[in-house]
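Enquirer: Note that full-length UniProt numbering has the sequence shown beginning at 1, numbered continuously upward.
Got a structure for you, questions after.
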Amino acid sequence: MATAIYPGSFDPVTRGHLDIIKRAAKVNDRLIVAVLINSAKHPLFTVEERVAMLQECCKGIPNVTVESFDGLTVEFAKKRHATVMVRGLRAVTDFENEIQLAQTNHALMPGVETMFLATSIKWSYLSSTIVKEAARYGSDISKFVTPNVEQAVREKYAALQAKDEL
Ligand code: ADP
Numbered sequence: 001m002a003t004a005i006y007p008g009s010f011d012p013v014t015r016g017h018l019d020i021i022k023r024a025a026k027v028n029d030r031l032i033v034a035v036l037i038n039s040a041k042h043p044l045f046t047v048e049e050r051v052a053m054l055q056e057c058c059k060g061i062p063n064v065t066v067e068s069f070d071g072l073t074v075e076f077a078k079k080r081h082a083t084v085m086v087r088g089l090r091a092v093t094d095f096e097n098e099i100q101l102a103q104t105n106h107a108l109m110p111g112v113e114t115m116f117l118a119t120s121i122k123w124s125y126l127s128s129t130i131v132k133e134a135a136r137y138g139s140d141i142s143k144f145v146t147p148n149v150e151q152a153v154r155e156k157y158a159a160l161q162a163k164d165e166l
């Protein structure tokens with residue numbers, strides 16, 4: 001049984017991420033979507049909220065599970081006996097960072113291979129940041145995210161606005 005992990009911030013999960021998840025789940029026996037608890041970034045959603053949104057989005061894919069992790073991705077991969085790390089590539093701009101990350105991870109743990117999936121053209125412009133920017137200024141984000149995520153983003157901004165934190 002080959003286990004793959006798909007690490008990321010997923011703040012929040014977009015249809016671009018879901019496209020990668022579905023395709024990666026087809027070519028690996030088991031896929032763990034791993035939500036990074038990253039204290040350096042200031043996420044909009046808590047890690048629990050991000051995990052819950054992903055679980056809802058992935059509930060129809062039997063070989064996909066969602067977990068959170070802290071620390072080095074390769075360490076988490078080792079703990080789960082994963083041999084593949086999945087990353088999505090949108091554009092040349094992603095490439096530089098991603099190749100550096102893959103090479104570092106390979107140096108740290110040669111037993112884990114990074115698998116790059118090219119984004120579907122349809123989602124090549126899409127990022128969690130764009131979704132948040134659009135929602136913040138009141139745009140319709142239903143094209144970019146699933147209905148549960150759309151609702152969560154709307155509620156989050158409404159709550160922040162009510163607290164005058166926007
Ligand atoms: P990170 O903070 O690790 O970049 P993200 O949640 O932004 O976390 O992204 C996780 C992974 O998903 C990365 O490999 C990223 O390149 C990929 N990704 C993000 N958006 C898309 C998209 N629209 N299509 C394909 N892959 C994507």
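Just so it is clear, CB atoms sit at the ideal spot from N, CA and C, and this is done for glycine as well.
Can you find the residues in the same chain that come closer than 6 Å, C-beta to C-beta, to GLN55, ignoring five residues on each side of it along the sequence?
Expert: Reading the sequence shown from its first residue, position 55 is the one you call residue 55. Here the set comprises VAL66.
Enquirer: Comparing alpha-carbon positions, which option in ALA52, SER120, LEU160 and LYS143 lies nearest residue 198?
Expert: Nothing in the structure corresponds to residue 198, since the chain is present only between 1 and 166.
Enquirer: Whose CA, out of THR146, ARG30 and VAL47, lies closest to the CA of HIS17?
Expert: Taking the first residue of the sequence shown as position 1, residue 17 is located at position 17. Minimum Cα distance to HIS17 is reached at THR146.
Enquirer: Suppose you measure from the CA of LYS163 to the CA of ASP70; what does that come to, to the nearest Å?
Expert: In the sequence shown, counting from the first residue as 1, residue 163 sits at position 163. In the sequence shown, counting from the first residue as 1, residue 70 sits at position 70. If you take the alpha carbons of LYS163 and ASP70, they lie about 29 Å apart.
Enquirer: Would you be able to state if there are at least three C-beta pairs under 8 Å between the segment 104-116 and the segment 149-156?
Expert: Touching, no.
Enquirer: What alpha helix (DSSP H) runs, 4 residues minimum, are completely inside the UniProt domain "Cytidyltransferase-like" (5-133)?
Expert: Listed in chain order, they are 15-27, 47-58, 73-79 and 92-108.
Enquirer: Over what stretch of residues does the alpha helix (DSSP H) that includes VAL145 continue unbroken?
Expert: Locating residue 145 in the sequence shown gives position 145, counting from the first residue. Unbroken run through VAL145: none, as it is neither H nor E.
Enquirer: Excluding sequence positions up to five away, which residues of its chain have a Cβ less than 8 Å from the Cβ of TYR157?
Expert: Position 157 of the sequence shown, counting from 1, holds the residue named residue 157. Closer than 8 Å at Cβ, skipping near neighbours: ALA135, ARG136 and LEU166.
Enquirer: Looking only at C-alpha atoms, which of ARG154, SER127 and GLU96 sits nearest to SER139?
Expert: The count along the sequence shown starts at 1 and reaches residue 139 at position 139. For SER139, the nearest C-alpha among the options comes from ARG154.
Enquirer: Would you check whether the ligand ADP has a heavy atom nearer than 6 Å to the C-beta of PHE69?
Expert: As a position in the sequence shown, residue 69 is number 69, starting the count at 1. Outside the cutoff, so no.
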